[in-house]
Amino acid sequence: MLEVQRDLLDYQGSGTSVVEISHRSPAFMDIAQRAEASLRRLLNVSEDYLVLFLQGGATLQFAMVPLNLSVQGETVEYLDTGLWSQKAISEASYLRNVHVVASSTDSVPDASTWDRSSNSQYLHITSNETISGVQIPDYPLDDGVTLVADMTSDILTRHLDIDKFGLVYAGTQKNMGPSGVSIVIVRKDLCREPRQGEPLYLNYRIHAENDSMYNTPNTFAWYVSGLVFDWLLYEGGVAEMQRRCEEKSRKIYRVINDSSLYFSTVEPAFRSKVNVTFSIRDESLTDKFLTKAAEANIVNIKGHRKVGGFRVSLYNGVTIEAVDALVDFMETFEREIA
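Going letter by letter, the sequence shown gives residues 7 to 344 in our numbering.
Rendered as structure tokens:
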């Protein structure tokens, strides 16, 4: 943030703000290239894949994925593990024949029970559901069908073997920078020419041929994301972020598991390490919990309106010290209630 503050007034002695420079200028081209190089290092992305910095958030990818990886009349498969899976399913259903292989909002059904299609063009999963707090612990095995993943909320928080996927996409606003950019990592052979009647803007190859600048990109968000990638590399990369994430979530789940006041509806094996969701057995205490938490300078833990309760997001920017403060508060609150 201090580096952003400095560059906001004068980018590298140019006398121009980083938000004023042209996206076609040598200065920004350097920013863009370095950001991509750092992300490729973090995730060990080979030259078989394109890395695109797009707009529209991950939500736009709900349409771009089926448009690029299949044609009208073909079947595409989706695993439903919560709200964001359902949004992706709903959008794809306008465009293609969607087949849902399994559904659950408190666990991930065993792959052996999935109802698979014999002619699917790809299988789409949401690696982590931010609303319900369900995370896929192990990615499906390669069975010959292209694997696609929305990793908006847990990318760069755990090991990822990109080569197992045909396409991975993620909004930057959780672990990679401010909102306004979505990252798409797509295998080159999946990027086809636009078909007659299809919008050019929704074609991956068009964006790749224009270095993710088919239209003016969100230069500020792209720039900050590059700084975040460099910070992650400096801190120890994805392996260190995974260690921290596991430590942070373990601390909170210990309190929940040992408590007679707090509880989680998510099956233990599938509890998210980046979005810890829980509730209080006496719902009348919810507002009091939030009020007392705010007095302890603990904010933004109210659960999503669709599920209620509480949600603690443990993205890479959240420190272990912050988690310790939350844990101390939760334990103190329960003692005082008892």
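For glycine and all other residues, C-beta sits at the position ideal for the given N, C-alpha and C.
Per DSSP, the bridge partner or partners of residue i
i, result
"Val104", "Val82"
"Ala155", "Ile131, Val174"
"Tyr268", "Ile286"
"Lys308", "Phe316"
"Arg346", "Any question about residue 346 goes unanswered here, given that the chain covers just 7 to 344."
"Asn209", "Answer is none; Asn209 lacks a bridge partner."
Between the CA atoms of residue j and residue i - distance to the nearest angstrom
i, j, result
"Thr87", "Glu337", "31 Å"
"Glu27", "Gly62", "It should be pointed out that residue 27 corresponds to Ile in this sequence rather than to Glu. If you take the alpha carbons of Ile27 and Gly62, they lie about 22 Å apart."
"Asp293", "Thr271", "20 Å"
"Val25", "Met182", "18 Å"
"Ala176", "Leu60", "10 Å"
"Tyr289", "Ala155", "Rather than Tyr, the amino acid found at residue 289 in this sequence is Glu. Distance between the alpha carbons of Glu289 and Ala155: 35 Å."
"Ser124", "Gln202", "28 Å"
"Gly139", "Ser20", "45 Å"
"Ala33", "Gln78", "42 Å"
"Thr283", "Glu340", "17 Å"
"Asp16", "Lys312", "44 Å"
"Ser44", "Val234", "9 Å"
Selection from the options that minimises the alpha carbon distance to residue i
i, options, result
"Ile37", "Glu342, Phe339, Asp236", "Asp236"
"Ser188", "Val24, Val25, Glu42", "Glu42"
"Asp54", "Phe295, Lys170, Phe316, Glu301", "Lys170"
"Ser23", "Val324, Leu233, Phe226, Val154", "Phe226"
"Gly150", "Gln67, Asn216, Leu129", "Leu129"
"Pro72", "Leu153, Arg311, Lys308", "Leu153"
"Leu267", "Pro143, Ile343, Arg40", "Ile343"
"Arg250", "Thr222, Leu320, Arg198", "Leu320"
For residue i, the three-state DSSP class (helix, strand or coil)
i, result
"Tyr248", "Reading off the sequence, residue 248 comes out as Gln, not Tyr. Of the three classes helix, strand and coil, the one that applies to Gln248 here is helix, per DSSP."
"Gly177", "strand"
"Arg40", "helix"
"Val57", "strand"
"Gln92", "helix"
"Val234", "helix"
"Gln202", "coil"
"Val71", "helix"
Cutoff 6 Å; reference residue i; Cβ partners in own chain excluding five residues on either side
i, result
"Lys257", "Val329, Val333"
8 Å CB neighbourhood of residue i in its chain, flanking five on each side removed
i, result
"His165", "Val244, Ala245, Gln248"
"Asp13", "Ser23, Val24, Tyr229"
Own chain, CB closer than 7 Å to residue i, minus 5 neighbours either side, in chain order
i, result
"Ile95", "Tyr84, Asp86, Val104, Val106"
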